[in-house]
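> Quick one: structure below, then a few questions.
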Amino acid sequence: MSESERRHTRYALSSGEFTRQRLKRCGMLGSLKGWKECRVKDISSAGALLLTKTEHYLGDFIDLELLSSGGIKLLFRGEVVNLGKDHSTNQHKVGVKIATPTPGSGEAIFLNGIQTRYKQST
1358 MSESERRHTR
1368 YALSSGEFTR
1378 QRLKRCGMLG
1388 SLKGWKECRV
1398 KDISSAGALL
1408 LTKTEHYLGD
1418 FIDLELLSSG
1428 GIKLLFRGEV
1438 VNLGKDHSTN
1448 QHKVGVKIAT
1458 PTPGSGEAIF
1468 LNGIQTRYKQ
1478 ST
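Reading the sequence shown from the start, the letters are residues 1358 to 1479 in the working numbering.
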């Protein structure tokens, strides 16, 4: 599998793997509004698809925080590049392009090993 294919193949996170999944808009407005709960539907090194009750806009920069059941916190920075609506849950679908994490960081290690831990999303 090429690097390009690996970047764009998404993986579904296990439901009990992360005890907290939340996002926050970057900047002053995000600081005022604070963290909001979300659910990561799938993720890859290129991006993530989130379900959330809060509305976002194209071009918004966000922080995505995942707290594992083992207490490890992962913090990803990204940009909203796709929007939609999940009519079955009445939540907003937010497609986020993830910025490349620092090599050797927990976030980079997580993304590099994602294909061995999770099933490919359909």
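Yeah, the Cβ is synthetic: ideal placement off N, Cα and C, and Gly gets one too.
#1: For the beta strand (DSSP E) that contains glutamate 1422, what are its first and last residues?
#2: By the three-class DSSP mapping on this structure, what secondary structure does glutamate 1374 have?
#3: Can you check DSSP and say which residues form a bridge with phenylalanine 1467?
#4: If you draw a straight line from the C-alpha of glycine 1391 to the C-alpha of glutamate 1436, how long is it?
#5: Does DSSP put leucine 1386 in a helix, in a strand, or in coil?
#6: What does the alpha-carbon distance come out to for the pair glutamate 1412 and asparagine 1447?
On the basis of the coordinates in this document:
#1: Note, glutamate 1422: beta strand (DSSP E), 1418-1425.
#2: Glutamate 1374 falls in the coil class under three-state DSSP.
#3: Phenylalanine 1467 pairs with nothing; no bridge assigned.
#4: One C-alpha to the other measures close to 17 Å.
#5: In the three-state reduction of the DSSP assignment, leucine 1386 falls in the helix class.
#6: In a straight line, the C-alpha of glutamate 1412 is about 12 Å away from that of asparagine 1447.
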